[in-house]
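Chemist: Just dropping this structure here.
There are 2 protein chains.
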Amino acid sequence: MKDEGYRAYSAGSGEEGLRLLHSESVDLVILDINLPGMDGLKVCDSIKETMQIPVIFLSARDQDSDVISGLETGADDYIRKPFNHRELILRVKKLLRYTGNGIHESTIRTGRLRIRTDREEVYFDKEEIKLTPMEYKLLEVLGRKLDWVISWQILLKEAWGYEDWEGGREIVKVNIRRLRVKIEPDPSQPVYLLTERGRGYKLATVE
Amino acid sequence: MKDEGYRAYSAGSGEEGLRLLHSESVDLVILDINLPGMDGLKVCDSIKETMQIPVIFLSARDQDSDVISGLETGADDYIRKPFNHRELILRVKKLLRYTGNGIHESTIRTGRLRIRTDREEVYFDKEEIKLTPMEYKLLEVLGRKLDWVISWQILLKEAWGYEDWEGGREIVKVNIRRLRVKIEPDPSQPVYLLTERGRGYKLATVE
DNA sequence: CTGACAAGTAACAATCCGGTAACAAAAAAG
DNA sequence: CTTTTTTGTTACCGGATTGTTACTTGTCAG
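Sequences listed follow chains A and B, in order.
Residue 16 is where the first sequence starts when you use my numbering, and the numbers rise one by one after that.
Residue 16 is where the second sequence starts when you use my numbering, and the numbers rise one by one after that.
Structure below.
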């Protein structure tokens, strides 16, 4: 997993895994069924109860009934051992894409723009663009939903954390402008950060 | 599949399957790799190129390399034969849940027209038609009741949220016109958005 | 054939939305 | 505590969107 650019943690038991989930910010869980102590199905249950994180079972128990009970407890995929690494990676990527946390590739790129989410840095070609924390947050929110139009209400919530706000519309408008001034070659003719009138803004894939 | 309450079609070859896809409104494809004529991977490729329908491979070819190439062509899942019915159903359900299809279809299509309700985008063949928010709302309301005649009172309520309104009739009339100008090849000879004099309007299935 | 009414069409006007700049408040740096 | 940077607020402009009005066309009953 690390080779593919993901952060990865491992736990020796179900309990330890659940503890990790609460201390770290985790996007996906790969889980065996045969575990010391608490069994995998129970762990999956307890995960699905409290959070919406995709779970993949990876188990030597290859009976159909095992697979079925795994999927029925809400697991998102079930891979039988022995498994192929490449297949696992592909299935992980697919799941992350579905659940929208997909662009955890730590760098989001479109055209000459590059966002390194791990370091919170933005580059235009090789040059770093210095963004203020707010500007960066806004760009990341847009980047994580590349090509999707996002309304100012959602942006306000995702980037600022405000549910509603008097001048929410203005705040977004102005900060979009500030972002454009920094990331667009010509801020009045945006190429990356586009407006969909009446709907919102989107960061578009270019080229 | 039918026992589970799904509509199901089957095709004896890739070509036939692709033809079915265009004539019927399909939410998910289950595909073998070994097919007479065009092979399954090619079929999957061609599906993924033009539409965003989930594809599950179901194949006797159980080598890891087969699974990997299947997933890499963009398939959403790969099940090895022999397979268990219950597992297949569970995986189908899961996919339909992810892609949001199933309950309310995420794309409505008639003739050369396609409405992507998840992104609020409308296409004529491959070309996107830019609609204003109001135009889109109206079209979606009509599209969700394909072939049903809807009165201006209902349209007013569904699209505008007004219970009654002085110039309600006019507002609908004018916006229907605006929609037609954008979606009809010849706005004065509508093919999609038809009038039922005295009753209302409907979005008709074409072909 | 004709009048009445529904629907089509076009032009106009009000409103809403986004772009922009300048300014003020708040936060961070020195 | 002062300076600088960042963030939020306000105001105004221009244009797209939407609603309004007026007029034309088409359909159907009598």
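Backbone N, C-alpha and C fix where the C-beta goes; we use that ideal spot for every residue, glycine too.
Under three-state DSSP, which class holds isoleucine 68 (chain B)?
Modeler: Against the second sequence, residue 68 (chain B) aligns to sequence position 53. It is coil, neither helix nor strand.
Chemist: Taking a cut of 8 Å between CB atoms, which residues from the segment 54 to 84 of chain B lie near chain A?
Modeler: Those residues of the segment 54 to 84 of chain B that come within reach of chain A (Cβ to Cβ, closer than 8 Å) are Asp79, Val82 and Ile83.
Chemist: Does the count of Cβ pairs from the segment 145 to 155 of chain A and the segment 97 to 111 of chain A closer than 8 Å reach three?
Modeler: Short answer: they don't touch.
Chemist: Within the 8 Å Cβ cut-off, does arginine 134 (chain B) reach chain A?
Modeler: Locating residue 134 (chain B) in the second sequence gives position 119, counting from the first residue. Judged by the 8 Å Cβ criterion, arginine 134 (chain B) is in contact with chain A.
Chemist: Under 8 Å, CB to CB, which of the residues in the segment 166 to 192 of chain A have a partner in chain B?
Modeler: Cβ contacts with chain B: none found.
Chemist: Under a Cβ-count criterion, where at least 16 other Cβ atoms within 10 Å of its own Cβ denotes burial, should threonine 174 (chain A) be classed as buried or exposed?
Modeler: Along the first sequence, read from residue 1 onward, the residue named residue 174 (chain A) stands at position 159. Correcting the residue type first, residue 174 (chain A) is alanine in the shown sequence and not threonine. It is buried - the Cβ of alanine 174 (chain A) has at least 16 other Cβ atoms within 10 Å.
Chemist: Roughly how many angstroms separate the alpha carbons of isoleucine 48 (chain A) and glycine 20 (chain B), rounded to a whole number?
Modeler: For the purposes of this step, residue 48 (chain A) is identified with residue 33 of the first sequence, where counting begins at 1. For the purposes of this step, residue 20 (chain B) is identified with residue 5 of the second sequence, where counting begins at 1. Taking the straight line joining both Cα atoms gives about 31 Å.
Chemist: Let me check understanding here. Comparing Cα to Cα, which of A:Gly29, A:Pro205, A:Glu181 and A:Gln67 lies closest to threonine 220 (chain A)?
Modeler: Locating residue 220 (chain A) in the first sequence gives position 205, counting from the first residue. Measuring from the Cα of threonine 220 (chain A), the nearest candidate turns out to be A:Pro205.
Chemist: According to the neighbour-count rule (16 or more other Cβ atoms, all chains shown, within 10 Å of its Cβ), is arginine 212 (chain B) buried or exposed?
Modeler: Here residue 212 (chain B) is taken as the residue at index 197 of the second sequence, counted from 1. When all chains shown are included, arginine 212 (chain B) counts as exposed.
Chemist: Interface residues of chain A around arginine 101 (chain B) at Cβ under 7 Å?
Modeler: In the second sequence, the residue the question calls residue 101 (chain B) occupies position 86. By Cβ distance, chain A contributes Ile83.
Chemist: Here's the rule I'm using: 16 or more other beta-carbon atoms within 10 Å means buried, otherwise exposed. How should alanine 75 (chain B) be labelled?
Modeler: In the second sequence, residue 75 (chain B) corresponds to position 60, counting from 1. Alanine 75 (chain B) should be labelled exposed.
Chemist: Bridge partners of valine 82 (chain A), per DSSP?
Modeler: For the purposes of this step, residue 82 (chain A) is taken as the residue at position 67 of the first sequence. Answer by DSSP bridge pairing: none, since valine 82 (chain A) is not bridged.
Chemist: Tell me the rounded alpha-carbon separation between isoleucine 130 (chain A) and lysine 141 (chain A).
Modeler: Taking the first residue of the first sequence as position 1, residue 130 (chain A) is located at position 115. Taking the first residue of the first sequence as position 1, residue 141 (chain A) is located at position 126. In a straight line, the C-alpha of isoleucine 130 (chain A) is about 12 Å away from that of lysine 141 (chain A).
Chemist: In terms of residues, what are the limits of the alpha helix (DSSP H) holding glycine 89 (chain B)?
Modeler: For the purposes of this step, residue 89 (chain B) is identified with residue 74 of the second sequence, where counting begins at 1. Per DSSP, glycine 89 (chain B) belongs to no alpha helix (DSSP H) and is neither H nor E.
Chemist: Tell whether a beta-carbon distance below 8 Å holds between leucine 86 (chain A) and leucine 43 (chain A).
Modeler: If you number the first sequence from 1, residue 86 (chain A) lands on position 71. If you number the first sequence from 1, residue 43 (chain A) lands on position 28. No, they are not a contact pair.
Chemist: What does the alpha-carbon distance come out to for the pair lysine 172 (chain B) and lysine 160 (chain B)?
Modeler: Start at 1 with the first residue of the second sequence, and residue 172 (chain B) comes out as number 157. Start at 1 with the first residue of the second sequence, and residue 160 (chain B) comes out as number 145. Those two C-alpha atoms are separated by around 15 Å.
Chemist: Count the other CB atoms within 10 Å of the CB of glycine 176 (chain B); is the residue buried (16 or more) or exposed (fewer)?
Modeler: Along the second sequence, one-based indexing puts residue 176 (chain B) at 161. Burial call: exposed.
Chemist: Taking the straight line between their C-alpha atoms, what separation do you get for isoleucine 198 (chain B) and asparagine 190 (chain B)?
Modeler: As a working mapping, residue 198 (chain B) is identified with position 183 in the second sequence. As a working mapping, residue 190 (chain B) is identified with position 175 in the second sequence. So the alpha carbons of these two residues sit roughly 12 Å apart.
Chemist: Can you check which of these residues, B:Val196, B:Tyr113 and B:Phe98, is closest to leucine 146 (chain B) by C-alpha distance?
Modeler: Here residue 146 (chain B) corresponds to residue number 131 of the second sequence, with the count starting at 1. Closest option to leucine 146 (chain B), Cα to Cα, is B:Val196.
Chemist: How long is the line joining the alpha carbons of leucine 33 (chain A) and aspartate 60 (chain A), rounded to whole angstroms?
Modeler: The residue given as residue 33 (chain A) occupies position 18 in the first sequence. The residue given as residue 60 (chain A) occupies position 45 in the first sequence. When rounded, the distance between both Cα atoms is 11 Å.
Chemist: Considering valine 156 (chain B), what are the terminal residues of the alpha helix (DSSP H) in which it resides?
Modeler: On the second sequence, position 141 is the one that residue 156 (chain B) refers to. First-last of the alpha helix (DSSP H) with valine 156 (chain B): 148 to 159.
Chemist: By how many angstroms is the C-alpha of serine 166 (chain B) removed from the C-alpha of leucine 56 (chain A)?
Modeler: Position 41 of the first sequence, counting from 1, holds the residue named residue 56 (chain A). Position 151 of the second sequence, counting from 1, holds the residue named residue 166 (chain B). C-alpha separation (whole angstroms): 52 Å.
Chemist: Quick one: which chain A residues come within Cβ less than 7 Å of aspartate 91 (chain B)?
Modeler: What you label residue 91 (chain B) is simply residue 76 of the second sequence in a count that begins at 1. Chain A residues near aspartate 91 (chain B): Lys109.
Chemist: Return the CA-CA distance between methionine 16 (chain A) and serine 121 (chain A), expressed in angstroms with no decimal places.
Modeler: Taking the first residue of the first sequence as position 1, residue 16 (chain A) is located at position 1. Taking the first residue of the first sequence as position 1, residue 121 (chain A) is located at position 106. Whole-angstrom Cα-Cα distance: 13 Å.
Chemist: Which bits of chain B does tyrosine 113 (chain A) rub up against, with CB to CB less than 7 Å?
Modeler: As a working mapping, residue 113 (chain A) is identified with position 98 in the first sequence. Chain B residues near tyrosine 113 (chain A): Tyr113.
Chemist: Count the other CB atoms, across all protein chains shown, that sit within 10 Å of the CB of lysine 217 (chain A); report buried if there are 16 or more and exposed otherwise.
Modeler: To locate residue 217 (chain A), count along the first sequence from 1; it is residue 202. With 16 or more Cβ atoms within 10 Å of its Cβ, lysine 217 (chain A) is classed as buried.
Chemist: Give the interface partners of arginine 22 (chain A) over in chain B, defined as CB-CB distance under 8 Å, in chain order.
Modeler: As a working mapping, residue 22 (chain A) is identified with position 7 in the first sequence. What arginine 22 (chain A) touches in chain B: nothing, since even the nearest Cβ is about 23 Å away.
Chemist: Does DSSP put valine 187 (chain A) in a helix, in a strand, or in coil?
Modeler: Start at 1 with the first residue of the first sequence, and residue 187 (chain A) comes out as number 172. Residue state, collapsed to three classes: helix.
Chemist: Hey, lysine 63 (chain A) and glycine 89 (chain A): beta-carbon distance below 8 Å or not?
Modeler: Position 48 of the first sequence, counted from the start, is the residue given in the question as residue 63 (chain A). Position 74 of the first sequence, counted from the start, is the residue given in the question as residue 89 (chain A). The answer is yes: Cβ separation under 8 Å.
Chemist: Going by other Cβ atoms of all chains shown within 10 Å of its Cβ, with 16 needed for buried, is aspartate 91 (chain A) buried or exposed?
Modeler: Here residue 91 (chain A) refers to the residue found at position 76 of the first sequence. So aspartate 91 (chain A) ends up on the buried side.
Chemist: Do you know whose CA, among B:Leu128, B:Gly182 and B:Gly158, lies nearest methionine 66 (chain B)'s CA?
Modeler: Position 51 of the second sequence, counted from the start, is the residue given in the question as residue 66 (chain B). Residue B:Leu128 is the option with its Cα nearest to methionine 66 (chain B).
Chemist: Which residue marks the beginning of the alpha helix (DSSP H) containing glycine 29 (chain B), and which one marks its end?
Modeler: Working through the second sequence from its first residue, we reach residue 29 (chain B) at position 14. From DSSP, the alpha helix (DSSP H) with glycine 29 (chain B) extends over 29 to 38.
Chemist: To the nearest whole angstrom, what separates the beta carbons of alanine 26 (chain A) and leucine 35 (chain A), a pair I think is in contact under 8 Å?
Modeler: Numbered from its first residue, the first sequence carries residue 26 (chain A) at position 11. Numbered from its first residue, the first sequence carries residue 35 (chain A) at position 20. Their Cβ separation, rounded to whole angstroms, is 5 Å, which keeps alanine 26 (chain A) and leucine 35 (chain A) in contact under 8 Å.
Chemist: Which whole-angstrom value describes the C-beta separation of leucine 46 (chain A) and isoleucine 83 (chain A), a residue pair presumed to lie in contact below a C-beta threshold of 8 Å?
Modeler: Position 31 of the first sequence, counted from the first residue, corresponds to residue 46 (chain A). Position 68 of the first sequence, counted from the first residue, corresponds to residue 83 (chain A). The pair is not a contact, with the Cβ atoms about 16 Å apart (cut-off 8 Å).
Chemist: Should lysine 145 (chain B) be listed as close to the ligand FAD, given that the test is whether its C-beta is under 7 Å from any heavy atom?
Modeler: This structure lacks the ligand FAD, and indeed carries no ligand of any kind.
Chemist: Going straight from the alpha carbon of histidine 37 (chain A) to that of tyrosine 113 (chain B), what length do you get?
Modeler: As a working mapping, residue 37 (chain A) is identified with position 22 in the first sequence. As a working mapping, residue 113 (chain B) is identified with position 98 in the second sequence. So the two alpha carbons sit approximately 25 Å from each other.
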